[in-house]
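In the working numbering, the protein residues as written are -14 to 163. First up is the structure itself, then whatever we jot down about it.
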């Protein structure tokens, strides 16, 4: 399922990288009024992508999993993979947001924040998987990912608003070309 998750999340990571570049360029140019509207636009783009990938994953989960499985026992693997993807598809919302927020912090030069948030997410996901997978099976792994991403956001979202306030970043209006 790693390949499927990677396929689903790589565009979200690309959007996060774009947010990072946009924030850094506008911060460096002294155009602070553009940072928050640009960040919001990136988050909206990530959410739009989420709707597409979630719908696609839900509608075609069996066919998607079948692309990666052959041989004996394939039917059981496809069944389990489809079950996982049926749950995980809804959770792709979280990386759509977390990658965008991470991009904001990277663009603001707050690498320490992204390191702590990533550590929280990975640690919680690992511990949750150890607890949930034996009880829930493969869908426990999907829930563990969501729990890790959720706690990452619990850490990052308040810090986003603190950073905006400290840096004097106004909510701004729509993005306008210069």
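Even glycine gets a Cβ: it sits at the ideal position worked out from N, Cα and C.
Problem - 8 Å contact criterion, which residue 82 and residue 49 should meet: CB distance rounded - result: Against the chain shown, residue 82 aligns to sequence position 97. Against the chain shown, residue 49 aligns to sequence position 64. So it is not a contact: roughly 23 Å between Cβ atoms.
Practice task
Assuming residue 39 and residue 74 form a contact by the criterion Cβ under 8 Å, report the distance between their Cβ atoms to the nearest whole angstrom.
Solution key: Stepping through the chain shown from its first residue, residue 39 is reached at position 54. Stepping through the chain shown from its first residue, residue 74 is reached at position 89. That belief holds up - the Cβ atoms of residue 39 and residue 74 are roughly 5 Å apart, short of 8 Å.
Practice task
Given a cut-off of 8 Å, decide if residue 154 and residue 20 are closer than it, judged by their beta-carbon atoms.
Solution key: Here the question's residue 20 lines up with position 35 in the chain shown. Here the question's residue 154 lines up with position 169 in the chain shown. It is a contact, given that the beta carbons lie within the stated cut-off.
Practice task
Go ahead and pull the three-state DSSP assignment for residue 99.
Solution key: Along the chain shown, one-based indexing puts residue 99 at 114. If DSSP states are grouped into helix, strand and coil, residue 99 belongs with the helices.
Exercise for the section: Report the residue ranges of all alpha helix (DSSP H) runs contained in full by the stretch 72 to 130; include only those spanning at least 4 residues, in chain order. Expected result: 78 to 92, 96 to 121
Exercise for the section: Within the same chain, show all residues whose beta-carbon is closer than 7 Å to that of residue 105, passing over the 5 residues directly before and after it, in chain order. Expected result: What you label residue 105 is simply residue 120 of the chain shown in a count that begins at 1. Result list for residue 105: 136, 137, 140, in chain order.
Exercise for the section: Report the three-state DSSP secondary structure of residue 36 (helix, strand or coil). Expected result: Residue mapping note: residue 36 aligns to position 51 of the chain shown, counting from 1. It is helical.
Handout entry: residue 54 - DSSP class collapsed to helix/strand/coil
Key = As a first step, residue 54 is located in the chain shown; it is residue number 69 there, counting from the start. Coil at residue 54, not helix or strand.
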